[in-house]
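**Student:** Below: one structure in structure tokens.
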Amino acid sequence: MCNFYCTDWNIKLAFNQLHDVGEKLKMSSAVNLLICLCFISVHSEEVLVCTNNGILRGFSAETVLGRAVQFLGVPYAKPPVGPLRWKLPEPPENWDGVRSAEYFGPSCPQKFTAQLTHIYPKEFVRARIKNQKISEDCLFLNIYVPTMVVPNRYDPLPVFVFKHGGKYEWGSGTEYNGTFLALQGNIIVISFNYRLNIFGFLSNGEPELGGNYGMFDTVRVLKWIQTNIRAFGGDPSRVTLGGESAGGVTVDIFLSEMNQKLTTR
């Protein structure tokens with residue numbers, strides 16, 4: 001059995017979400033209410049969170065800096081395959097029951113070339129090729145939260161969103177473990193995949209194939225955060241977007257008027 005912590009804030013959150021989420025999950029209202037009301041004790045291995053799309057099961061892990069909670073492979077958009085290939089990302093579909101968020105999702109399609117060995121050590125490149133799962137169904141994010149009992153309504157945590165680099169050709173959010181940054185800064189850290197190469201940036205100049213789908217994937221991540229981060233104890237009004245290499249270069253684009261309500265810095 002799991003131990004649960006409950007607060008008045010959780011109760012209000014659950015009732016606000018129950019109408020939208022509970023019926024879609026096709027579970028009994030009693031079970032939905034119990035899960036939405038509560039977070040499993042951080043002394044347990046598993047942590048359940050009720051999002052707008054359904055219930056996620058993450059896990060807590062002990063580190064040298066303390067205990068942190070991870071939710072890995074969380075879908076932030078529909079799979080960009082078939083008719084959705086080379087289209088703007090759409091919100092993710094709801095799921096029934098409890099979805100495991102204990103493993104990374106696949107990385108977006110990418111080609112590993114000899115050029116990589118001029119940038120990274122050969123051992124790193126070999127390990128990357130060996131361990132990486134690749135699929136077009138790759139629009140997933142990863143959430144790292146400091147020791148979480150229940151979200152604090154009056155003092156939610158700031159959020160740092162990290163966008164990986166790789167010349168728009170390779171890389172993924174799985175390469176960066178946000179646990180230590182989350183614990184050191186007492187913040188929520190989010191990494192994510194976005195479409196690369198021809199899948200993310202192909203354009204023929206026509207409106208039907210305008211390109212920059214990898215950029216719009218980032219916008220979809222930020223919208224997902226605005227909708228769901230409160231459930232993890234985060235503050236949607238304090239979202240910082242940063243990145244490395246190509247990921248850092250594109251951050252300036254998200255300072256535009258279109259994205260003003262999605263990030264604060």
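Residue 14 in UniProt numbering sits at position 14 of the sequence shown, with consecutive numbering throughout. Heads up, the beta-carbon is just placed ideally off N, CA and C, and yes, glycines get one too.
1) Tell me the residue span of the beta strand (DSSP E) that contains Val98.
2) For Leu48 and Gln110, what's the separation of their Cα atoms in angstroms?
3) Smallest Cα separation from Asn212: which of Leu88, Gly82, Tyr76?
4) Looking at Tyr176: is its Cβ nearer than 8 Å to the Cβ of Cys108?
5) Roughly how many angstroms separate the alpha carbons of Gly248 and Glu46, rounded to a whole number?
6) When the Cβ atoms of the segment 199-208 are set against those of the segment 225-239, are three or more pairs found closer than 8 Å?
7) DSSP state of Ile187, grouped into three classes?
8) Have a look at Gly85 and Gly214 and give me their C-alpha separation to the nearest angstrom.
9) For the candidate residues Pro236, Gly171, Pro83, Glu206, whose alpha-carbon lies nearest to that of Val189?
10) Just list the residues that DSSP pairs Ala61 with in beta bridges.
11) Which of helix, strand or coil does DSSP assign to Arg238?
12) Check whether the Cβ atoms of Leu241 and Lys163 sit closer than 8 Å, and answer yes or no.
13) Alpha carbon to alpha carbon, how far is Leu183 from Ser245? Give it in angstroms, no decimals.
14) Under a three-way DSSP split, which group does Pro207 fall into?
15) Going straight from the alpha carbon of Thr174 to that of Gly205, what length do you get?
16) Tell me the rounded alpha-carbon separation between Gly73 and Pro207.
17) Can you tell which of Gly178, Gln132, Ser172, Pro75 has the C-alpha that lies nearest to the C-alpha of residue 290?
18) From the DSSP output, in three-state form, read off Val161 for me.
19) In angstroms, rounded to a whole number, what distance separates the CA positions of Asp252 and Ala61?
20) When you compare only the Cα positions, how much space is there between Arg57 and Phe71?
21) Is it buried or exposed, Val221, if we count other Cβ atoms within 10 angstroms and call 16 or more buried?
22) Using alpha carbons as the reference points, say which of Ser191, Pro79, Glu90 lies closest to Cys138.
23) Tell me the DSSP bridge mates of Pro106?
24) Just mark Phe254 as buried or exposed, buried being the case when its beta carbon has 16 or more other beta carbons within 10 Å.
25) Looking at the secondary structure, which residues open and close the alpha helix (DSSP H) in which Val219 lies?
**Tutor:** If we stick to the structure as given:
1) 98-100
2) 33 Å
3) Leu88
4) no
5) 33 Å
6) No: the two stretches stay apart, fewer than three of their Cβ pairs being nearer than 8 Å.
7) Ile187: coil per DSSP, three-state reduction.
8) Checking the sequence, you will find Arg at residue 85 rather than Gly. Spanning the two alpha carbons is a distance of roughly 12 Å.
9) Pro236
10) Answer is Ala68, bridged to Ala61.
11) strand
12) yes
13) 24 Å
14) helix
15) If you draw a straight line from the Cα of Thr174 to the Cα of Gly205, it is about 32 Å long.
16) In a straight line, the C-alpha of Gly73 is about 31 Å away from that of Pro207.
17) No information on residue 290 is available, as it lies outside the stretch 1 to 265 that the chain covers here.
18) Strand.
19) 34 Å
20) Rounded to the nearest angstrom, the two C-alpha atoms are 7 Å apart.
21) buried
22) Pro79
23) Pro106 is not bridged to any residue.
24) buried
25) 213-228
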